[in-house]
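Student: Below you will find the structure I want to go over with you.
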RNA sequence: GUGGGUGUAGCUCAGUUUGGUAGAGCACUUGGUUGUGGCCCAGGUGGCCGUGGGUUCAAGUCCCAUCACUCACCCCA
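Residue numbers (our numbering): 31 to 452.
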């Protein structure tokens with residue numbers, strides 16, 4: 031038997047309804063906030079990710095699916111969406127029509143990590159990005175929209191964490207201060223952090239090892255090193271969130287794993303996912319558009335972990351399953367043949383119709399209708415054909431009524447629709 | 001990449017200690033009830049016991065290898 035690739039998964043009927051529902055909620059909400067969908071390719075030139083995510087990050091160093099195509103060009107299955115959105119914004123000069131662009135996209139991402147709870151090699155993200163707005167009010171609005179999204183999906187066990195990473199002006203001072211501390215505490219650091227303290231000292235703040243956490247307890251806070259502009263930007267974000275009643279906590283340890291982030295950064299964390307506590311994350315990346323060859327335009331965005339969201343939502347049994355309005359139980363060759371043409375007309379008229387073509391006993395057809403959770407069963411047998419009227423049974427009330435089939439098929443469809451009542 | 005746990009029917013799992021006929025519940029199917037679902041009762045279908053090798057008269061069970069799943073480290077969404 032050929033099995034699917036490690037870390038990949040199928041989304042089967044029964045779960046796909048929930049995925050569709052979440053997608054619909056996202057589309058409706060984002061579009062109400064003025065976002066438009068952008069659909070992007072899954073393969074990009076490897077160079078794009080190296081330049082945007084950062085060459086020293088784990089993603090680029092060891093997690094990307096990168097391979098040469100038949101001509102030898104290096105291409106990569108996208109590990110995240112922001113790089114592609116930015117690429118597209120630049121390539122199609124979307125800023126020329128209007129520098130302000132609000133875009134969302136939904137689709138699969140690929141990272142070759144060891145799979146575990148809430149972590150797959152192909153996973154799905156819902157992304158939203160805003161270009162051309164540097165106002166902190168937009169930062170607040172993005173977080174506002176994100177938390178609204180979670181509450182619409184009845185996800186309760188989530189907390190918004192926010193922080194500011196400063197800008198190229200203020201970050202060097204902070205890095206220097208942090209490096210000094212790391213040198214003095216180097217005996218307490220775990221192996222990884224010893225390495226990181228030289229390459230990317232910010233990451234040490236994010237370490238989960240207890241010894242590192244203790245060592246970092248009195249670490250300098252980036253917030254104390256913010257330049258006046260960054261500081262007032264962050265103040266406005268916080269004040270606006272408070273005004274809008276968005277609960278949040280300031281998390282000075284919050285560091286992003288991708289190099290392009292600046293200023294406001296945020297993460298939605300949950301306690302229901304084991305070690306994978308981030309269910310959404312994002313922030314401002316004011317320098318990225320320019321860095322990728324575009325004009326100087328600020329930007330902010332976030333990504334929601336779709337798979338993780340599915341795991342923590344309480345909507346699993348919300349009755350989203352695809353149940354037939356009507357199940358046709360036809361008995362005997364003649365009835366099956368006649369009913370199969372009706373089934374098509376009923377479906378076309380918007381009635382979810384299922385019919386059994388096996389010719390089995392009425393009892394087994396009723397059982398199947400019950401299993402499919404059909405609302406009504408249309409019984410068509412020799413008797414009915416002879417008498418010119420079929421039987422419509424309401425599966426909940428057990429009420430049965432007779433519907434004439436003497437007229438044209440349209441009449442039958444209309445009659446059935448009427449009988450449905452609610 | 002490193003560690004722990006687990007692989008037996010479509011699903012959830014017994015059976016492995018101490019080698020000796022492949023099991024249960026659910027699901028599916030047929031009938032009890034000539035053409036009416038859910039409950040009940042009786043029957044039936046369904047397994048290379050993850051895979052490959054080894055030990056043995058004999059392996060689901062013991063040994064070796066390998067693969068997969070899963071959780072954790074790491075990292076992130």
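Glycine included, every Cβ here is placed at the ideal spot set by N, Cα and C.
1) Going by DSSP, what residues sit across from residue 356 in a beta bridge?
2) Kindly indicate which three-state DSSP category residue 84 falls into: helix, strand or coil?
3) Which of helix, strand or coil does DSSP assign to residue 430?
4) Along the chain, which unbroken stretches of the beta strand (DSSP E) at least 3 residues long are found entirely within the stretch 88-153?
5) Roughly how many angstroms separate the alpha carbons of residue 112 and residue 217, rounded to a whole number?
6) Name, in chain order, the residues that DSSP records as bridge partners for residue 73.
7) Which ranges would you report for the alpha helix (DSSP H) in the stretch 216-293 if only whole runs of at least 4 residues count?
8) Assuming residue 404 and residue 354 are in contact, meaning their beta carbons sit under 8 angstroms apart, how far apart are those beta carbons, in whole angstroms?
9) Would residue 231 pass as a contact of residue 219 if the rule is Cβ separation under 8 angstroms?
10) Put residue 188 into one of helix, strand or coil per three-state DSSP.
11) May I ask which residues mark the beginning and end of the beta strand (DSSP E) holding residue 422?
12) Who are the near neighbours of residue 418 in its chain, counting only those whose CB is closer than 8 angstroms to its CB and skipping five residues on each side?
13) With three or more beta-carbon pairs closer than 8 angstroms as the criterion, would you say the stretch 408-416 touches the stretch 330-347?
14) In whole angstroms, what is the alpha-carbon distance linking residue 79 and residue 193?
15) Is it the case that the stretch 194-201 contacts the stretch 147-167, given that we only count it when at least three CB pairs across the two stretches are under 8 angstroms?
16) Measure how close the beta-carbons of residue 68 and residue 116 come, nearest whole angstrom, since I'm counting them as under 8 angstroms.
17) Note down the Cα distance separating residue 329 from residue 215, rounded to an integer number of angstroms.
18) Hey, quick one: how far does the beta strand (DSSP E) through residue 309 stretch, first residue to last?
19) My understanding is that residue 52 touches residue 339, with C-beta atoms under 8 angstroms, so please give their C-beta distance in whole angstroms.
20) Taking the C-alpha atoms as reference points, what is the distance between residue 246 and residue 235?
21) At which residues does the beta strand (DSSP E) containing residue 332 begin and terminate?
22) Short of 7 angstroms in beta carbon distance, which residues of its chain neighbour residue 452, apart from the five on each side in sequence? Order them along the chain.
23) Would residue 170 and residue 299 be called neighbours here (beta carbons separated by less than 8 angstroms)?
24) Near residue 159, which residues of its chain fall below 7 angstroms by C-beta distance, leaving aside the five closest residues on each side in sequence?
25) Run through the DSSP bridge pairs and tell me what residue 155 is partnered with.
Tutor: From the atom records:
1) 383 and 406, per the DSSP bridge assignment.
2) Coil at residue 84, not helix or strand.
3) In the structure shown, residue 430 sits in a strand (DSSP, three-state: E or B).
4) Fully enclosed beta strand (DSSP E) runs of 3 or longer: 95-98, 104-107 and 131-140.
5) Taking the straight line joining both Cα atoms gives about 38 angstroms.
6) Beta bridge pairing from DSSP links residue 73 with 107.
7) Taking only runs of at least 4 residues, the alpha helix (DSSP H) segments lying wholly in the stretch 216-293 are 221-229, 240-245, 252-255 and 258-273.
8) Indeed they touch by this definition, with Cβ atoms about 4 angstroms apart.
9) 8 angstroms or more divides the Cβ of residue 231 from the Cβ of residue 219.
10) Correct three-state label for residue 188: strand.
11) It spans 419-424 - the beta strand (DSSP E) in which residue 422 sits, taken as one unbroken run.
12) Cβ within range, chain order: 434, 435 and 436.
13) With a cut-off of 8 angstroms on Cβ pairs, the stretch 408-416 is not in contact with the stretch 330-347, counting fewer than three such pairs.
14) Taking the straight line joining both Cα atoms gives about 25 angstroms.
15) Taking a contact to require three or more Cβ pairs closer than 8 angstroms, the stretch 147-167 and the stretch 194-201 do not qualify as touching.
16) Actually they are not in contact, since the Cβ atoms of residue 68 and residue 116 sit about 11 angstroms apart, beyond 8 angstroms.
17) C-alpha separation (whole angstroms): 36 angstroms.
18) Taken as a continuous stretch (DSSP letters only), the beta strand (DSSP E) holding residue 309 covers 308-314.
19) Confirmed, Cβ separation roughly 6 angstroms.
20) Roughly 7 angstroms between the two C-alpha positions.
21) Note, residue 332: beta strand (DSSP E), 329-335.
22) In this prediction, residue 452 has a pLDDT of 43, which is less than 50 and means its spatial position is unreliable; what the coordinates show is noted afterwards. Here the set comprises nothing.
23) No. Outside cutoff.
24) So the list reads 112, 115, 133, 329 and 331, once near-sequence residues are dropped.
25) Residue 155 pairs with 137 and 335.
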